[in-house]
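Notes follow once the structure below has been shown.
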Amino acid sequence: MELRRAILIFLVVAACAALGMAGCASAPVREVISTGEAPTAIGPYSQAVRFGNLLFLSGQIPLDPKTNLLVTGPIEVQTQQVLVNLRAVLAANGMTPEDVVSTTVYLKDLNDFVAMNAVYANFFTGKPPARATVEVSRLPRDVLVEISAIAAK
619 MELRRAILIF
629 LVVAACAALG
639 MAGCASAPVR
649 EVISTGEAPT
659 AIGPYSQAVR
669 FGNLLFLSGQ
679 IPLDPKTNLL
689 VTGPIEVQTQ
699 QVLVNLRAVL
709 AANGMTPEDV
719 VSTTVYLKDL
729 NDFVAMNAVY
739 ANFFTGKPPA
749 RATVEVSRLP
759 RDVLVEISAI
769 AAK
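Following the numbering used here from start to finish, the sequence shown increments by one per residue and tops out at 771.
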């Protein structure tokens, strides 16, 4: 029975540490992350939310944060701007692309996958995050790509 109790305590402590809950004395604080280096939210959402050691980044589309205008062009150009925007939100929380553990890529046309993936591969070098890629019928402002992410530090 003592061994089971010790294992249970170990698992609880490990789970708390993974969630950034030092000692589980109190729940982690939910903090909104925002930066002028990325496009401002165009709806009732935050650029990112930090919860413990996790950062949940809202989907970014190819908006230029300085002008708030769409960056148009082929999928490569749009993907590059999306990743620049994600990098800015990560930086506002003291993180880099290496801290990203998961992404979701939304493509208007899955035929753009190879071209998007080439740009994506240059952004996530070394140990790339887990990823889901899906084709959707429409994206905000009729862009070609949107990417959301989860990062941990």
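Backbone N, C-alpha and C fix where the C-beta goes; we use that ideal spot for every residue, glycine too.
Given the structure is predicted, the values throughout are model-derived calculations rather than measurements.
Residue i (DSSP reduced to helix, strand or coil)
i	result
Phe-669	strand
Leu-626	For Leu-626, the predicted model reports a pLDDT of 49, less than 50, meaning its position is unreliable; a value from the coordinates is still stated below. Note: Leu-626 maps to helix in three-state DSSP.
Ala-659	coil
Val-732	helix
Val-763	strand
Ala-739	helix
Limits of the alpha helix (DSSP H) - the one that residue i falls within
i	result
Leu-651	At residue 651 the sequence reads Ile, which differs from the Leu that was named. Looking at the DSSP string, Ile-651 is not in any alpha helix (DSSP H); the run it does join, the beta strand (DSSP E), is 648 to 651.
Glu-694	693 to 710
Distance, residue j Cα to residue i Cα
i	j	result
Ser-755	Lys-726	6 angstroms
Phe-741	Phe-731	15 angstroms
Leu-728	Glu-753	5 angstroms
Asn-671	Lys-771	5 angstroms
Glu-694	Tyr-738	9 angstroms
Pro-683	Gly-654	7 angstroms
Gln-665	Asn-735	23 angstroms
Leu-757	Ile-679	9 angstroms
Leu-762	Gln-696	7 angstroms
Ser-676	Glu-716	17 angstroms
Leu-687	Ala-656	12 angstroms
N- and C-terminal bounds of the beta strand (DSSP E) containing residue i
i	result
Val-723	718 to 725
Val-752	748 to 753
Residue(s) in a DSSP beta bridge with residue i
i	result
Phe-674	Val-667 and Ile-768
Leu-681	Leu-688
Residue-level contact to chain D via CB, residue i, 8 angstroms cutoff
i	result
Phe-731	In summary, chain D is missing from the structure at hand, where a single protein chain is found.
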